[in-house]
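Here's the structure, in structure tokens; my notes come after.
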Amino acid sequence: MPAVLTALLVVLVPAWAQTSTPTPDVSLVSDLPLFSTSGPLLIRGLLPLVSLRKGAPFHFGATHDIWNPNATWTSNVFNTVFNHVVAENGCKWYDTEPVRGEANLTDCKGASQFAGAHHATFRGHNTFWHSQTPEWLPGNVTAEDLVKNVIPEHVKAEITGLGPNVTSWDVMNEIIGDTTTWDMDALACVQNKNAWPTRSVDGDATSAPLVKDLSFVHAAFAAAFKAAAPSTRLVYNEYYTGFNDSKTACVVKLIEDIHNTVNIPLNRLAVGFQSHVTAAPIVDFPRSFVPKTDLGATFKRLAGLGVDVLVTEIDIVVQTNTTADARWQAAIWGDTLDACLYASNCHEFINWDTRDDQSWIQPKPGRATLPTLFDVDGNPKLVAYELQARFARFALGRPETCATALGTTACTVSF
Numbered sequence: 001m002p003a004v005l006t007a008l009l010v011v012l013v014p015a016w017a018q019t020s021t022p023t024p025d026v027s028l029v030s031d032l033p034l035f036s037t038s039g040p041l042l043i044r045g046l047l048p049l050v051s052l053r054k055g056a057p058f059h060f061g062a063t064h065d066i067w068n069p070n071a072t073w074t075s076n077v078f079n080t081v082f083n084h085v086v087a088e089n090g091c092k093w094y095d096t097e098p099v100r101g102e103a104n105l106t107d108c109k110g111a112s113q114f115a116g117a118h119h120a121t122f123r124g125h126n127t128f129w130h131s132q133t134p135e136w137l138p139g140n141v142t143a144e145d146l147v148k149n150v151i152p153e154h155v156k157a158e159i160t161g162l163g164p165n166v167t168s169w170d171v172m173n174e175i176i177g178d179t180t181t182w183d184m185d186a187l188a189c190v191q192n193k194n195a196w197p198t199r200s201v202d203g204d205a206t207s208a209p210l211v212k213d214l215s216f217v218h219a220a221f222a223a224a225f226k227a228a229a230p231s232t233r234l235v236y237n238e239y240y241t242g243f244n245d246s247k248t249a250c251v252v253k254l255i256e257d258i259h260n261t262v263n264i265p266l267n268r269l270a271v272g273f274q275s276h277v278t279a280a281p282i283v284d285f286p287r288s289f290v291p292k293t294d295l296g297a298t299f300k301r302l303a304g305l306g307v308d309v310l311v312t313e314i315d316i317v318v319q320t321n322t323t324a325d326a327r328w329q330a331a332i333w334g335d336t337l338d339a340c341l342y343a344s345n346c347h348e349f350i351n352w353d354t355r356d357d358q359s360w361i362q363p364k365p366g367r368a369t370l371p372t373l374f375d376v377d378g379n380p381k382l383v384a385y386e387l388q389a390r391f392a393r394f395a396l397g398r399p400e401t402c403a404t405a406l407g408t409t410a411c412t413v414s415f
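Counted the way our numbering counts, the sequence shown spans residues 1 to 415.
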């Protein structure tokens with residue numbers, strides 16, 4: 001091919017197409033004769049046995065907002081598959097305090113009541129995020145007012161309003177930057193985000209600083225510690241974490257800072273690993289999944305501190321709607337579940353959105369998407385059966401399997 005044509009193709013072909021990653025052959029637990037990839041999906045029936053082996057209740061959940069469509073299907077799936085509920089949007093600040101000082105917990109409580117009606121547990125997401133804020137924020141709120149009044153009053157109102165029957169609260173969501181370095185302390189990790197309220201204009205690195213320290217973080221966790229039940233974990237929730245990298249190190253530094261500054265016991269704190277990942281880097285998702293060895297090592301490190309971990313928002317985007325990519329998706333999801341199941345400090349695993357047509361991630365050139373456990377018609381996909389097989393294998397007392405997502409050259413599953 002002429003060099004000039006090659007150069008032109010590099011310019012014209014999108015980056016995701018230039019760097020498409022080959023899909024590996026993978027070995028799945030659901031391939032074993034003992035398990036099935038069709039028929040009823042009855043994961044919820046396995047969870048008491050999983051909890052028995054874990055030595056504590058295991059919460060396997062998904063998102064639900066009271067305005068969700070497909071009410072009958074949704075009710076059924078929470079009766080048979082999930083035993084845990086989190087509101088996707090109904091507990092976020094824009095919905096829970098649309099006017100300053102006036103709590104509106106209708107949607108948040110609605111999700112909690114849905115959980116109760118289905119004999120499921122409930123977790124709160126979230127009391128602070130720089131995105132999806134009410135119209136009155138950032139506004140003209142000063143740093144002092146934000147730290148002394150706005151944040152603690154909001155956190156207190158939301159957590160007390162939902163009551164004690166909440167397994168965990170995402171107190172702070174996504175405040176660490178994506179270009180951190182190993183030498184940064186907790187404050188530098190947060191300032192690297194260039195988001196409100198470290199900046200007066202959210203996402204604008206050139207805007208004037210607003211809160212110049214971690215007092216807004218401390219204010220939120222201090223209020224949450226006072227308001228929450230003793231059994232409720234107080235969570236810092238973040239994306240692109242779990243790797244052996246500087247951002248994950250920043251999360252640990254932030255947790256240690258909260259513990260040391262606010263004097264919250266480490267066994268009341270937890271880290272949420274969102275796990276919005278892809279099988280391979282593609283458009284809008286520059287990082288792929290976390291290898292199970294990395295994730296397991298990160299969980300073990302936090303266990304050594306006495307800190308719980310959660311998988312809080314998992315969905316997995318694939319490049320194509322092919323059997324090979326469906327199998328890879330199942331392997332990645334299964335590995336992530338295994339990392340949680342076999343960790344002493346992981347007891348919550350939340351799938352983000354219940355079915356592909358309701359996902360926040362929709363198809364576009366460069367990605368087929370298909371990021372949930374159920375297809376657009378509500379039918380369970382291969383990945384759902386793989387998770388059922390992983391739960392069953394764990395409940396039967398089997399040891400952790402190898403990292404299936406790395407392909408058959410690295411891992412072949414046995415019972």
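Even glycine gets a Cβ: it sits at the ideal position worked out from N, Cα and C. All of these numbers come straight from a predicted model, not from anything done at the bench.
Report task. Have a look at the DSSP bridge pairing and note the partners of PHE285. Result -> ILE282
Report task. Along the beta strand (DSSP E) that carries GLU348, what are the first and last residues, could you check? Result -> 346 to 351
Query - Separation of LYS109 from LEU162, as counted between CA atoms - result: One alpha carbon belongs to LEU162, the other to LYS109, and they sit about 6 Å apart.
Report task. Could you work out which residue in ASP204, TYR240, THR181, LYS212 is closest to GLU174 when comparing CA atoms only? Result -> In terms of Cα proximity to GLU174, the closest of ASP204, TYR240, THR181, LYS212 is TYR240.
Requested in this report: Decide if LYS226 is buried, meaning its Cβ has at least 16 other Cβ atoms within 10 Å, or exposed.
Outcome: exposed
Query raised in the report: Taking three-plus beta-carbon pairs below 8 Å as touching, is the segment 257 to 264 in contact with the segment 289 to 302?
Result: They do not touch, by the three-pair rule.
Report task. Kindly list the residues whose CB is nearer than 7 Å to the CB of SER36, restricted to its own chain and excluding five residues on each side of it in sequence; keep chain order. Result -> The residues are TYR385.
Query - Separation of TRP67 from ASN237, as counted between CA atoms - result: About 25 Å.
Query - Length of the line joining the Cα atoms of THR206 and GLN191 - result: 12 Å
Query raised in the report: Do PHE299 and ALA339 have their C-beta atoms within less than 8 Å of each other?
Result: yes
Query - Contact set for THR72: own chain, Cβ-Cβ below 6 Å, skip 5 residues either direction - result: none
Query raised in the report: Would you report the Cα separation of LEU49 and ALA395, rounded to the nearest angstrom?
Result: 5 Å
Report task. Provide the residue span of the beta strand (DSSP E) that contains VAL85, from first to last. Result -> Where VAL85 is concerned, the enclosing beta strand (DSSP E) stretches over 84 to 86.
Requested in this report: Please report how far the alpha carbon of VAL86 lies from the alpha carbon of GLY39, in whole angstroms.
Outcome: 27 Å
Query - GLY417 - containing beta strand (DSSP E), residue span - result: Any property of residue 417 remains undetermined from this structure, which presents the chain solely from 1 to 415.
Query - Contact belief for CYS189 with THR180 at Cβ below 8 Å, rounded distance in angstroms - result: Confirmed, about 5 Å.
Report task. Count the other CB atoms, across all protein chains shown, that sit within 10 Å of the CB of GLU158; report buried if there are 16 or more and exposed otherwise. Result -> By the Cβ neighbour-count rule, GLU158 is buried, with 16 or more other Cβ atoms within 10 Å of its own.
Report task. Specify whether the segment 24 to 34 and the segment 92 to 105 touch according to this definition: at least 3 beta carbon pairs, one from each stretch, less than 8 Å apart. Result -> no
Query raised in the report: Cα separation between THR232 and TRP352?
Result: 21 Å
Query raised in the report: Who does ARG123 pair with in a DSSP beta bridge?
Result: BP columns for ARG123 point to VAL86.
Requested in this report: May I have the straight-line CA-CA distance separating VAL271 from VAL307, to the nearest angstrom?
Outcome: 7 Å
Report task. Would you kindly work out how many angstroms separate the C-alpha atoms of ARG44 and LEU146, rounded to a whole number? Result -> 42 Å
Query raised in the report: According to the Cβ coordinates, are CYS346 and VAL383 closer than 8 Å?
Result: no
Query raised in the report: If you draw a straight line from the C-alpha of LEU41 to the C-alpha of ASN263, how long is it?
Result: 44 Å
Query raised in the report: Distance, Cα to Cα, THR21 vs ASN379?
Result: 28 Å
Requested in this report: Tell whether a beta-carbon distance below 8 Å holds between ASP170 and HIS125.
Outcome: yes
Query raised in the report: Would ARG398 be called buried (16 or more neighbouring beta carbons within 10 Å of its own) or exposed?
Result: exposed
Query raised in the report: Does the beta carbon of THR198 come closer than 8 Å to any beta carbon on chain E?
Result: Protein chain content of the structure displayed is limited to a single chain, and chain E is not contained in it.
**Report entry** Option nearest GLY304 by Cα separation, candidates PHE285, ASN321, GLY334, LEU269
**Finding:** LEU269
Requested in this report: Give the straight-line distance between the Cα atoms of ALA103 and PRO209, rounded to the nearest whole angstrom.
Outcome: Straight-line Cα distance between these residues: approximately 28 Å.
Query raised in the report: Can the beta-carbon of GLU348 be found closer than 8 Å to that of SER168?
Result: yes
Query - Inter-residue spacing [alpha-carbon to alpha-carbon] between GLU400 and GLY139 - result: 51 Å
**Report entry** Minimum length 3: unbroken beta strand (DSSP E) runs contained in the segment 22 to 59
**Finding:** Whole beta strand (DSSP E) segments, 3+ residues: zero.
Requested in this report: Express the C-alpha separation of GLY242 and THR278 in angstroms, rounding to a whole number.
Outcome: 14 Å
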